[in-house]
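Going by the numbering used here, 18 is the number at position 16 of the sequence shown; the sequence numbering is gapless.
Even for Gly, the Cβ is constructed at its ideal location relative to N, Cα and C.
Taking it in order: structure first as structure tokens, then the write-up.
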Amino acid sequence: MQLLDGKLAAQAIKEDLKKKTSALQEQGKRSPHLAAILVGTDGASETYVASKVKTCAEIGFESTLKRFPSTISEEELLREIEELNNNADVDGILVQLPVPKHISDDKVINAIDPSKDVDGFHPVSVGNMVSGTPTFIPATPYGILLLLEHFKVETKGKHAVVIGRSHIVGTPMSILLSRKAYPGNCTVTICHSATTNLKEICLQGDIIVAALGQAEFLTADMVKEGAVIVDVGITRVADASKKSGFALKGDVKFDEVAPKSSAITPVPGGVGPMTIAGLLMNTYNAYMKKQ
Ligand code: NDP
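In structure tokens:
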């Protein structure tokens, strides 16, 4: 069994981007610049944004974190996005989702200039991805592709089973794994809460991407011998032995599935760090497009 260590693969990508950034600085150019917007004080969102900003600093990217109270109006938030759209020194914009209920996710996503849409959620980016035009791919599926590439996982002709059909993970993942390129060229089955024979389908999977958000859902009896397992899930489960009071659990029951698999991602330290790597790659690509 091979551990698909996301920390290791992300480190290689970060080192490469760091070298490229110092080369830009040596040429007297500015660094790629990511602007993040955080609305409210949700614990998980705070952690994700902090980690994105910290990683930018590590590799020499510039970053701006704009924080707003959860009482900010939709109109005001859209104005802030517009300001970042018009700022020529900002290459990538992300709004950490979810935003409070009185603000429309769709309006926020649509307000971002597609040339700065490093989360890849804008309909223009989604359309380009579906039609196979180079574009910003959502960070998590992009990170998973980079991970498969890093560990040279064979994907051609494999049956990939994706559990979950969200716009940010499952759906783009299923499209990307089915495209005629590496990593891809898979036969893909996408499953969701209305799938009736999930276990049967999973047992046919050469590659399983679990992105449903239910702690330790995928058990050994659902996995065939030698499958490649990508665990996207992150669920906070109460754990009194931890200082934080919770432990992070994936969608896969790691201890029993790992011995059956040929390769598997851990949680934490698998898809999480690769998601950040995907975001940084998108930001670098946004910058380079302007050069
Ligand atoms: P969503 O809740 O948006 O989507 C979950 C999907 O799983 C839905 O399509 C749902 O089906 C499906 N689903 C739920 N329960 C079942 C079930 N019992 N059987 C089959 N399908 C089911 O979640 P996200 O896609 O946003 O995220 C999924 C997980 O990945 C979460 O734990 C999230 O925290 C994590 N995540 C991790 C990231 C990382 O960097 N590692 C990044 C993004 C997310 P239906 O459509 O029918 O409701």
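Distance CB(residue i)-CB(residue j) smaller than 8 Å
i: residue 149; j: residue 11; result: yes
i: residue 252; j: residue 230; result: no
i: residue 6; j: residue 173; result: no
i: residue 282; j: residue 63; result: yes
i: residue 94; j: residue 277; result: no
i: residue 217; j: residue 237; result: yes
i: residue 213; j: residue 168; result: yes
i: residue 104; j: residue 65; result: no
i: residue 280; j: residue 166; result: no
i: residue 181; j: residue 134; result: yes
i: residue 235; j: residue 8; result: no
i: residue 153; j: residue 293; result: no
i: residue 96; j: residue 121; result: yes
i: residue 55; j: residue 38; result: yes
i: residue 132; j: residue 170; result: no
i: residue 2; j: residue 107; result: It is not possible to answer for residue 2, since the shown part of the chain is limited to 3 through 293.
i: residue 16; j: residue 74; result: no
Residue i CB to nearest heavy atom of the ligand NDP below 7 Å
i: residue 193; result: yes
i: residue 214; result: yes
i: residue 235; result: yes
i: residue 120; result: no
i: residue 166; result: yes
i: residue 1; result: Only positions 3 to 293 of the chain appear in the structure, and residue 1 is not among them; the question remains open.
i: residue 196; result: yes
i: residue 177; result: no
i: residue 273; result: yes
i: residue 142; result: yes
i: residue 139; result: no
i: residue 207; result: no
i: residue 170; result: yes
i: residue 277; result: yes
Where residue i sits in the DSSP three-state scheme
i: residue 181; result: coil
i: residue 218; result: coil
i: residue 193; result: strand
i: residue 96; result: strand
i: residue 251; result: strand
i: residue 242; result: coil
i: residue 171; result: coil
i: residue 66; result: strand
i: residue 51; result: helix
i: residue 108; result: helix
i: residue 211; result: strand
i: residue 39; result: strand
i: residue 265; result: strand
i: residue 132; result: helix
i: residue 162; result: strand
i: residue 139; result: coil
i: residue 5; result: strand
i: residue 257; result: helix
i: residue 231; result: strand
i: residue 237; result: strand
i: residue 204; result: helix
Rounded C-alpha distance that separates residue i from residue j
i: residue 209; j: residue 53; result: 29 Å
i: residue 44; j: residue 99; result: 10 Å
i: residue 42; j: residue 58; result: 22 Å
i: residue 157; j: residue 186; result: 6 Å
i: residue 22; j: residue 201; result: 45 Å
i: residue 206; j: residue 225; result: 8 Å
i: residue 203; j: residue 27; result: 50 Å
i: residue 91; j: residue 287; result: 14 Å
i: residue 193; j: residue 175; result: 12 Å
i: residue 18; j: residue 199; result: 43 Å
- Message: Could you check whether the segment 234 to 246 touches the segment 154 to 162, counting it as contact only if at least three pairs of C-beta atoms, one from each stretch, sit closer than 8 Å?
- Response: Judged by Cβ distances under 8 Å, the segment 234 to 246 makes no contact with the segment 154 to 162, as fewer than three pairs qualify.
- Message: I'd like to know if the segment 123 to 141 and the segment 66 to 81 are in contact, where contact means that at least 3 CB-CB pairs between them fall below 8 Å.
- Response: Proximity of the segment 123 to 141 to the segment 66 to 81 falls short of the contact definition, fewer than three beta-carbon pairs being nearer than 8 Å.
- Taking contact to mean at least 3 C-beta pairs separated by less than 8 Å, is the segment 256 to 266 in contact with the segment 80 to 87? Taking 8 Å as the limit for Cβ pairs, the verdict is that the segment 80 to 87 does not touch the segment 256 to 266.
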